[in-house]
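Residue numbers (the numbering used here), protein chains in the order written: chain A, 1 to 316; chain B, 1 to 298.
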């Protein structure tokens, strides 16, 4: 017994020794990783510790450590706040609409492009539709503010040309969310189609030939060959999108919204920003942020599990 | 491969499809062209045309652009945007390549270290704790924050793409170099970097575009207007409709050739968009390659 323990501890020791030797052999590789480790600790893991202020009454003067604990007080206040209910509802509604319309727009565009047999035209449309992906929402938002302006915007000039009354699109509740969805489609459908086009390119052309011989038309070929062949990509992208449902697009909404449409456009991220950095209600804002992060993490983990079940490699 | 067997027969479906895609392309191009025409139109021309341009500028003047050229915020804004794009991209790509290379090798604790990085893709401290950190580091109102703050210096997703690329380099190459007495550092500089050049180029472009387009960090961490990036100024001018910024810009222009405020805004938007649009045709294919690369292996 004693001998046994001694020998096993010796094995451990030699194993540790070997490990150390192995590490030293690669000391430069660890040196390559060192700045990354330090940076991640400072910029990601220290803020994670900062989450504790959601459970404290944080004041700048007392600091994180000196501020008194208050438990779940901020979370209770959050849960009872009508504003929070509103931003949670808006987040889910906007994400849901984007999941239905924006996410499918990439698939539709890929299918449409695939039916074009004029290569130059196809390349041209692709190149042009990718452009908005490279522009920030500050730029796109600026363009939209200009085009949708009720006094001088192009869209309202066209409406007036046809005898309609100008509409203040960005300040009317019933228009704001449709504008969000449409502009998101405009910004991302081209880029979103790339992955589906790549998947379509991998389909065996013999399947189409066989279907043609059997007398299948265009739509039948799309429905029975193209779509089923890229279904795994469609499902995996869908799952990932569901994983990110707590993010409804901060950059976009922040650059388009205004107090007149807060009722339908204020989402978790914009609320965290305003309560935290404008009203300086640090603890409460962090509590809302933590709520969002925790739900978001759970969703991503669930999405990953689901993706693995579909036989795809998930995030990891 | 598309539409096999029906190459020459245009059906109604095709006409609708062509029309749909053409309209989509126009919806991207026309706003840009419209802003261009608007920006060079004269105040009188616009007034005569009912305040709008359609398919041609109303009159011609560059005074909106020359007006902006006299504004100091254009210079400081562009300087910081260009500076952060060049310097920030350089350091980010260098450091991410080093880390990605190390992670591609079979070294002890590799998986734990990777998880340590990957976890931050799914959970972070959030806005306020990060802000308080930046503040306590003394980086508020310090332009260094543009390069240092997340998600710029290290981006886990890009780092993993680089790692995946380094993984495809055959071990034999490295082993023979080691036999010739090359160290890890030498192998990285003389073998890995040249081999990974396409991947590094792609990641550089991505990081570069992200830097060029970023505005939120500048808006929340930097208070001094003369240290802010160009995107923040454009945001103030067009989205927040800052009267102060507009009147400053207008004041610097001759009363005779004064453009309308709409032309000024159009010019401001284009000034920020044009650099991206000019390089876009040359870099587009790298991006597309990158997406497929990231999606397949990432």
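Backbone N, C-alpha and C fix where the C-beta goes; we use that ideal spot for every residue, glycine too. Note that the structure is a prediction, hence the values are computed from the model and not measured.
Contacts around residue i, its chain only, beta-carbon distance under 7 angstroms, and the 5 residues preceding and following it disregarded
i, result
"residue 138 of chain A", "255"
"residue 230 of chain A", "196, 199 and 200"
"residue 240 of chain A", "303"
"residue 70 of chain B", "252"
"residue 262 of chain B", "38"
"residue 168 of chain A", "150"
"residue 14 of chain A", "none"
"residue 270 of chain B", "35, 36 and 39"
"residue 289 of chain B", "202"
Same chain, Cβ closer than 8 angstroms to residue i, five either side skipped, listed in chain order
i, result
"residue 174 of chain B", "187 and 191"
"residue 71 of chain A", "55"
"residue 188 of chain A", "102, 105, 106, 132 and 133"
"residue 211 of chain A", "220, 221, 224 and 225"
For residue j and residue i, believed in contact at Cβ under 8 angstroms, the rounded distance
i, j, result
"residue 47 of chain A", "residue 130 of chain B", "5 angstroms"
"residue 176 of chain A", "residue 182 of chain A", "11 angstroms between Cβ atoms; not a contact."
"residue 323 of chain B", "residue 84 of chain B", "Residue 323 of chain B lies beyond the stretch modelled for chain B, which goes from 1 to 298, so this question has no answer here."
"residue 288 of chain A", "residue 84 of chain A", "7 angstroms"
"residue 50 of chain A", "residue 60 of chain A", "That belief does not hold up - the Cβ atoms of residue 50 of chain A and residue 60 of chain A are roughly 13 angstroms apart, past 8 angstroms."
"residue 24 of chain B", "residue 129 of chain A", "6 angstroms"
"residue 31 of chain B", "residue 147 of chain A", "6 angstroms"
"residue 110 of chain A", "residue 284 of chain A", "That belief does not hold up - the Cβ atoms of residue 110 of chain A and residue 284 of chain A are roughly 44 angstroms apart, past 8 angstroms."
"residue 113 of chain B", "residue 33 of chain A", "6 angstroms"
"residue 299 of chain B", "residue 135 of chain A", "Since the first residue shown for chain B is 1 and the last is 298, residue 299 of chain B is missing from the structure and cannot be characterised."
"residue 166 of chain B", "residue 67 of chain B", "Wrong, their Cβ atoms sit about 50 angstroms apart, outside the cutoff."
"residue 97 of chain B", "residue 200 of chain B", "6 angstroms"
"residue 40 of chain A", "residue 154 of chain B", "7 angstroms"
"residue 34 of chain B", "residue 154 of chain A", "6 angstroms"
"residue 225 of chain A", "residue 203 of chain A", "7 angstroms"
"residue 125 of chain A", "residue 21 of chain B", "5 angstroms"
"residue 123 of chain B", "residue 297 of chain A", "5 angstroms"
"residue 121 of chain B", "residue 157 of chain B", "7 angstroms"
"residue 38 of chain A", "residue 126 of chain B", "About 21 angstroms separates the two Cβ atoms, so there is no contact after all."
"residue 88 of chain B", "residue 146 of chain B", "6 angstroms"
"residue 61 of chain B", "residue 212 of chain B", "Not a contact, Cβ separation roughly 28 angstroms."
"residue 252 of chain A", "residue 180 of chain A", "7 angstroms"
Residue i burial status per 10 Å Cβ neighbour count (16 or more: buried)
i, result
"residue 276 of chain A", "buried"
"residue 19 of chain B", "exposed"
"residue 208 of chain A", "buried"
"residue 22 of chain A", "exposed"
"residue 142 of chain A", "buried"
"residue 168 of chain B", "exposed"
"residue 17 of chain A", "exposed"
"residue 118 of chain A", "exposed"
"residue 178 of chain A", "exposed"
"residue 140 of chain A", "buried"
"residue 204 of chain B", "buried"
"residue 56 of chain B", "exposed"
"residue 25 of chain A", "exposed"
"residue 237 of chain A", "buried"
"residue 264 of chain B", "buried"
"residue 280 of chain A", "exposed"
"residue 245 of chain B", "buried"
"residue 214 of chain B", "buried"
"residue 115 of chain A", "buried"
"residue 305 of chain A", "exposed"
"residue 205 of chain A", "exposed"
"residue 174 of chain A", "exposed"
Residues bridged to residue i [DSSP beta-bridge criterion]
i, result
"residue 69 of chain A", "A/56"
Close Cβ partners of residue i (< 6 angstroms) along its chain, the five nearest in sequence each way excluded
i, result
"residue 59 of chain B", "41, 42 and 45"
"residue 58 of chain A", "67, 282 and 283"
"residue 14 of chain B", "none"
"residue 234 of chain B", "268 and 272"
"residue 99 of chain A", "241"
"residue 217 of chain B", "149"
"residue 226 of chain B", "76"
"residue 242 of chain B", "236"
"residue 65 of chain B", "267"
| query | Okay, do the region 138–145 of chain B and the region 291–306 of chain A touch, 3+ Cβ pairs below 8 angstroms being the bar? | reply | no
| message | Three Cβ pairs or more, each shorter than 8 angstroms: is that satisfied between the region 154–169 of chain B and the region 92–112 of chain B? | response | yes
| Between the region 85–99 of chain A and the region 237–253 of chain A, are three or more C-beta pairs nearer than 8 angstroms? | yes
| task | Give a yes or no on contact between the region 225–240 of chain B and the region 76–83 of chain B, applying the rule of three or more CB pairs nearer than 8 angstroms. | result | yes
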